[in-house]
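Residue numbers (the UniProt record's numbering): 1 to 411. For reference, the structure discussed in these notes is given below.
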């Protein structure tokens, strides 16, 4: 399809008032003459914002914001609009850049399947087995057409060819990428904020370390950033909507696809360091070693003039502690010694076994990254916790780029 045709379609599409939120929007009459692919991030952000507002008005699914003085109902699963916007961005770029059409369309298939997974999970509450298996199916279109490098560049050690091990690792990582953002959630704006930070630093990484696919990756990263920013304006504190599992699954798989398309999958994986830490400390609960509540979001503490967030807790009954044997007590002791969790009433002067034997039940703080921040930093407002979590994410991404620069400098 020629560039002139694309510009014409884009202009007519923007003039066609599909949603009420688009009324009066005529910026495309000015930008229409530019190269069409450069308009993708702008259009994607506007489309994401208005489509999300449309879903907020039309949805019949509502959740309760538990971190306010008065619990209020807000629309759920609004992240679907952001996902649709990014899919449209991939199609637009594929038409504008025919040389990248096949991998872009396969990436769109993978992202679409993960959006479907998230939307089904939002409406039907899928079990963990489905969340582990479905990402493998969603990745298959991209794996079948992947033609990039399967080697691993080792700092100061040359290059190692992985072969089939690369594809096996990719299958495992697809499960991690799809679920990582969903596991690190629970406060206003934290899910969309993670994606904003990582997509922004992905642009910085490609600017600092340019290559042949750098311009494509920058364009797609900016599109993901703008799509997410349109949703973030509605999801930030105080939230007007919840993004839902739809956004979490879509955004994680999108970042994975960007890493594969741009040949920087190791960099993208490194950006997920906070999510990896959150997963590592969550394994005891997710694996059933330690009791796991339905929601592990931070708890609420009412104070004069407002509310503060505190680490949430799970009750470990005497019977559960001794039924699970030494493994649970060993894991809980290790988490407490490392400062990643806290057992109420335990000062360390006696063994955890003795404490559990004396009490019918003990309270353990849920080991998550958000709860660890509260454990180390003390009670804080929801907005302060959001800023702290985003600071951790930005610091991790900045360290990755700094380490890459040092390896290039001394390599």
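Just so it is clear, CB atoms sit at the ideal spot from N, CA and C, and this is done for glycine as well.
With a 10 Å radius around the Cβ and a threshold of 16 neighbouring Cβ atoms, residue 154 comes out exposed.
For residue 83, no beta strand (DSSP E) segment is defined; the enclosing uninterrupted segment is the alpha helix (DSSP H) at 79 to 96. With contacts defined by Cβ atoms closer than 8 Å, residue 253 and residue 138 form a contacting pair.
By alpha-carbon distance to residue 290, the top candidate from 329, 303, 300, 106 is 329. Annotation: residue 260 to residue 316 spans about 43 Å, alpha carbon to alpha carbon. For residue 246, the secondary structure class from DSSP, reduced to helix, strand or coil, is helix.
The Cβ atoms of residue 282 and residue 368 lie closer than 8 Å to each other.
A residue is called buried when at least 16 other Cβ atoms come within 10 angstroms of its Cβ; residue 327 does not meet this threshold and is exposed.
Bridge partners of residue 152 according to DSSP: 160. The alpha carbon of residue 146 has as its nearest neighbour, out of 241, 101, 297, 223, the alpha carbon of 101. Residue pairing by DSSP puts residue 313 in a beta bridge opposite 365. Taken in chain order, the complete alpha helix (DSSP H) segments of 4 residues or longer contained in the region 214 to 268 are 214 to 235, 244 to 261. Here the region 390 to 408 does not lie against the region 349 to 364, with fewer than 3 beta-carbon pairs under 8 Å apart. Residue nearest to residue 402 within the set 270, 362, 51, 376 is 270 (criterion: CA-CA distance). Between the region 106 to 119 and the region 127 to 137, the count of Cβ pairs shorter than 8 Å is three or higher; the stretches touch. Cα atoms of residue 39 and residue 379: separation of roughly 44 Å, rounded to the nearest angstrom. At the C-beta level, residue 110 and residue 257 come within 8 Å of one another.
Residue environment analysis places residue 198 among the buried positions, since at least 16 neighbouring C-beta atoms fall within 10 angstroms of its C-beta.
Sequence-distant Cβ neighbours of residue 74 in its own chain, meaning closer than 7 Å and more than five residues away, are 62, 63, 65, 239, 240, 241, 242.
For residue 55, the uninterrupted alpha helix (DSSP H) segment begins and ends at 40 to 58. Put simply, the region 354 to 367 touches the region 300 to 318. At least three CB pairs are less than 8 Å apart. Per DSSP, the beta-bridge partners of residue 73 are 64. Residue range 326 to 337 is occupied by the alpha helix (DSSP H) that includes residue 332.
Check the Cα spacing between residue 42 and each of 173, 245, 85: the tightest is with 85. Between residue 235 and residue 382, the C-beta gap is not smaller than 8 Å, which leaves the two residues out of contact. Looking from the CA of residue 244, the closest CA among 68, 172, 190 belongs to 190.
The secondary-structure analysis by DSSP pairs residue 207 with nothing; it has no beta-bridge partner. A residue is called buried once 16 or more other Cβ atoms fall within 10 Å of its Cβ, and residue 404 is buried on that count. When 136, 226, 313 are compared, the shortest CA-CA separation from residue 249 is found for 136.
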